[in-house]
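What follows is a single structure, written as structure tokens, with notes after it.
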Amino acid sequence: MSNLITEAFLLSAGLGTRMGELTKNLPKPLIELNGESLISRNLKILKQIGIKKVYINTFYKAEILENYLGNGQQWGLEIICIREEELLDTGGGLLNASKYFTTPNILVWNSDVFIEPKLFEVEYNNLLNCFYSVPKPVISILAKKINEEDKGKYSVLGINSKNRLVKFLGESYTNDSHIEDVIFIGISLISKKFLNIAEEFSLKNNKKIFSTTKDIFPIILSQNTDKDYEITVTISNHYWNDVGNPESLKLASKYLDDHFSPTTN
């Protein structure tokens, strides 16, 4: 199943300002977590699930990141870096890179997230099954159930009993009374249709800088009466950390120490 998707796009252009001094001279994806960069950990997972080609957008400290990545040979991948002249945000960056994509469906991944590496392959297969559960998939996202620690830190999304996104940024797109709160964890599968919607939005509004979620999700959700326009959701039950600040980096490090130390292997 995992070989159905062979290309991935890693969002890697951000400034990483919440990391303070850690990103003063270094792009955030190169911050080390227990001796290995965040992006290297994710590239290894991409290789493990059958990805062969990875597109990576760069902006902040672009040359440092591009020199580190090279052609991807050290990870057994083909890596193509796409440098942005200005920060294009998630949607703009994706649309800008899409002219290089050679497959209709692609995995999109925030390069600075940390996920449970040993168990992700099963989770990814669940995401694939969810993506292909509709005849003409648009986008399927990986999310986790919200807990007390998450409240106030992340944007809350709502899903119905069929694991369809029906609420976003406080606006409901359903009459369903049973809605469960979740948060998007920065990993999704997108189709050519999603890219077409993003391109139409960009042209109609004369915007090349825009958000995948804040700008494009509402367009899809507003058409959710059409079964071809659904955002399907897979719930992750394993460890995830957005590594957004030094404190979350410490928490991810502790997780690795607790679960991957020599005494626990």
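If you read the sequence shown in the working numbering, its first letter stands for residue 9, the second for the next number, and so on. Ideal placement from N, C-alpha and C gives every residue a C-beta, glycine not left out. None of these values were measured; they are calculated from a predicted model.
(message) The alpha helix (DSSP H) that contains N204, what's its start and end?
(response) To locate residue 204, count along the sequence shown from 1; it is residue 196. Start and end: K200 to N213.
(request) Identify the continuous beta strand (DSSP E) that holds R91 and give its terminal residues. (result) Start at 1 with the first residue of the sequence shown, and residue 91 comes out as number 83. Unbroken beta strand (DSSP E) run through R91: E86 to R91.
(message) I'd like the list of long-range same chain contacts for V116, defined as Cβ closer than 6 Å, with 5 residues on each side in sequence excluded.
(response) Indexing the sequence shown from 1 puts residue 116 at position 108. Excluding positions up to five away in sequence, the list reads F17, S196 and I198.
(message) What does the Cβ neighbour count give for L23, buried or exposed, with the cut at 16 atoms within 10 Å?
(response) Looking up residue 23 in the sequence shown gives position 15. Exposed, by the Cβ-count rule.
(request) Kindly indicate which three-state DSSP category I224 falls into: helix, strand or coil? (result) Start at 1 with the first residue of the sequence shown, and residue 224 comes out as number 216. Three-state DSSP puts I224 in a helix.
(message) Tell me whether the segment 116-135 and the segment 42-56 touch, counting them as touching only if at least three CB pairs, one residue from each stretch, are closer than 8 Å.
(response) yes
(message) To the nearest angstrom, how far is the alpha carbon of S219 from that of L19?
(response) Residue mapping note: residue 219 aligns to position 211 of the sequence shown, counting from 1. Residue mapping note: residue 19 aligns to position 11 of the sequence shown, counting from 1. S219 and L19: Cα-Cα distance of roughly 12 Å.
(request) Compare the C-alpha of K262 against each of K36, L41, K152 and P37 and name the closest. (result) As a position in the sequence shown, residue 262 is number 254, starting the count at 1. Of the candidates K36, L41, K152 and P37, the one whose C-alpha sits nearest the C-alpha of K262 is L41.
(request) With DSSP as the reference, label V130 as helix, strand or coil. (result) Along the sequence shown, read from residue 1 onward, the residue named residue 130 stands at position 122. Of the three classes helix, strand and coil, the one that applies to V130 here is helix, per DSSP.
(request) With a threshold of 16 other CB atoms inside 10 Å of the CB of D265, please say whether the residue is buried or exposed. (result) Locating residue 265 in the sequence shown gives position 257, counting from the first residue. D265 should be labelled exposed.
(request) Note down, one range per segment and in chain order, each beta strand (DSSP E) of at least 3 residues found wholly within the segment 35-99. (result) 61-66 and 86-91
(message) The beta strand (DSSP E) that contains K175, what's its start and end?
(response) Taking the sequence shown and counting its residues from 1, the one referred to as residue 175 is at position 167. Here the beta strand (DSSP E) through K175 covers L173 to F176.
(request) With A260 as the anchor, note down where its alpha helix (DSSP H) starts and where it stops. (result) In the sequence shown, the residue the question calls residue 260 occupies position 252. Residues P254 to F268.
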